[in-house]
Amino acid sequence: MIAHSLNYYGYDKETYNECRELIDDTNKKHVVILNLWFFTVNLFCILFSLLGLFSVNQSGIELYIFFNIITIGSFVISKLIQRTDNIYILQFYIVWNVFVWMSYCIRISVDQPYMVAATFMVVLVVISYSFITTMIQMSILLGICVMGFMWSSFAVKPANIATQDLYNVIIFLSLSFVLHFAFQRTRMQQFVTFQKNVQIQRELEIKSSFDALTSLLNRGRFFSLAGNILGNPHEEYMAICLLDLDGFKQINDKLGHQMGDKAIQIAGTTIINALNIDMSEKWAFQQKVLSEKGSFPGRLGGDEFIVFIRGKANRDEVVSLIQGMLNDLNNVQMGELNGLHASFGVTEIKTDDDIDMAYKRADEALYEAKRAGKNQIRFNNKQEEGA
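Just so we're aligned, residue 7 is where the sequence shown starts under this note's numbering, counting upward by one.
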């Protein structure tokens with residue numbers, strides 16, 4: 007259990023996976039930053055090689071240019087990686103970059119056999135600090151790199167220099183493990199705190215925006231969202247529909263208030279199903295409505311509901327939608343509740359309408375539906391008469 011926790015920086019696997027998106031975003035940013043750093047270091051090496059400064063091998067200029075070309079390619083690939091959510095592609099890209107950087111460090115060390123390697127040790131620590139994987143994965147990755155480095159060191163360097171490289175590797179590798187765990191645990195703490203804050207914000211957003219009984223938008227949020235849509239230029243066909251359950255007082259009086267609440271819940275569910283909308287992520291619902299130009303419902307209070315209809319071409323399609331909604335309500339069977347009757351008032355939205363104007367006409371149409379015998383649909387045609 008302790009080893010499992012250490013692998014995920016003091017957390018369990020479930021918490022780690024919940025932070026996966028933040029982890030991947032961080033790794034994407036860091037691989038770009040390190041490529042930029044690596045490119046800059048190579049430029050300095052090219053400059054020092056040309057000027058013969060700091061004992062940089064002048065014959066290695068082709069090597070520096072070659073690795074800079076690879077780095078430029080990595081920049082191009084990183085732009086594509088930024089758009090993917092595939093964990094395995096991202097992990098492969100990071101591992102590939104690590105091996106490129108380590109190969110570069112090993113090659114520099116080989117080209118300077120009478121000098122103790124320094125660049126490799128620095129990159130070893132930087133990589134351990136930069137990427138969040140798991141302790142096991144990072145240990146394997148660093149272990150492979152260290153073995154490759156030490157093999158090359160003992161193969162081409164004098165024994166005393168190779169021994170000094172081994173001593174330095176032991177020191178820096180142990181430091182890398184400590185830093186990796188410490189820094190990534192701190193990042194995990196930040197991610198977990200951020201996730202909790204986001205969850206709190208989402209819960210507050212849901213409570214302030216949605217009716218607890220039906221999961222529909224509450225009155226204030228519905229009118230705010232509708233006003234936002236109508237306040238912007240629009241040419242699409244849209245309509246507002248008001249519906250009111252018929253005989254709801256009798257349901258409460260005869261079957262009790264609990265059944266009355268059930269009736270309201272069923273009405274809300276029926277509206278959601280008729281509109282074919284996904285309410286699973288309520289915190290993102292309003293943004294989704296705006297971006298996808300979808301219909302959305304609200305509860306005005308009591309047994310009265312409202313629907314903002316978008317994505318329909320004409321009145322016939324709106325009537326078909328609402329008629330299906332009415333039929334579904336009429337077919338409700340639950341205990342002693344044999345069907346729900348409802349009156350619908352609908353108005354088409356003009357280009358110069360605001361939400362209050364549209365609501366007023368829909369309310370007038372609802373009144374006509376009630377007066378005409380209830381359980382039916384009525385359109386308000388006043389905007390046509392004034393055309």
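For each residue, glycine too, the CB sits at the ideal point set by N, CA and C.
- Annotated three-state conformation of Glu242 is coil, per DSSP.
- Apart from the 5 residues on each side of it in sequence, Gly307 sits with its Cβ closer than 8 angstroms to the Cβ of Arg225 in its chain, given in chain order.
- As a beta-bridge residue in DSSP terms, Met340 pairs with Leu343.
- In the DSSP assignment, the residues bridged to Glu354 are Ala245.
- In the structure shown, Ala348 adopts extended strand secondary structure according to DSSP, grouped into three states.
- Under the three-state reduction of DSSP, Gly300 is assigned to coil, being neither helix nor strand.
- Within the same chain, Asp252, His347, Ala348 and Ser349 come within 7 angstroms of Asn381 by CB-CB distance, once the 5 residues on both sides are set aside.
- A direct Cα-to-Cα measurement between Thr90 and Trp107 gives close to 23 angstroms.
- Val295 sits in a helix when the DSSP states are folded into three classes.
- Collapsing the DSSP output to three states places Leu306 in a strand.
- By the neighbour-count criterion, in which a residue is buried when 16 or more other Cβ atoms sit within 10 angstroms of its Cβ, Gly345 is exposed.
- Leu28 and Ser136 have their C-alpha atoms some 14 angstroms from each other.
- If you compare the alpha carbons of Leu147, Thr220, His186 and Phe314 with that of Gly274, the shortest gap goes to Thr220.
- It is roughly 20 angstroms from the alpha-carbon of Val116 to the alpha-carbon of Ile76.
- Between the alpha carbons of His240 and Val313 lies a gap of roughly 18 angstroms.
- Closest by C-alpha distance to Thr125, out of Val152, Met144, Met141 and Thr139, is Val152.
- Per DSSP, reduced to three states, the secondary structure at Leu231 is helical.
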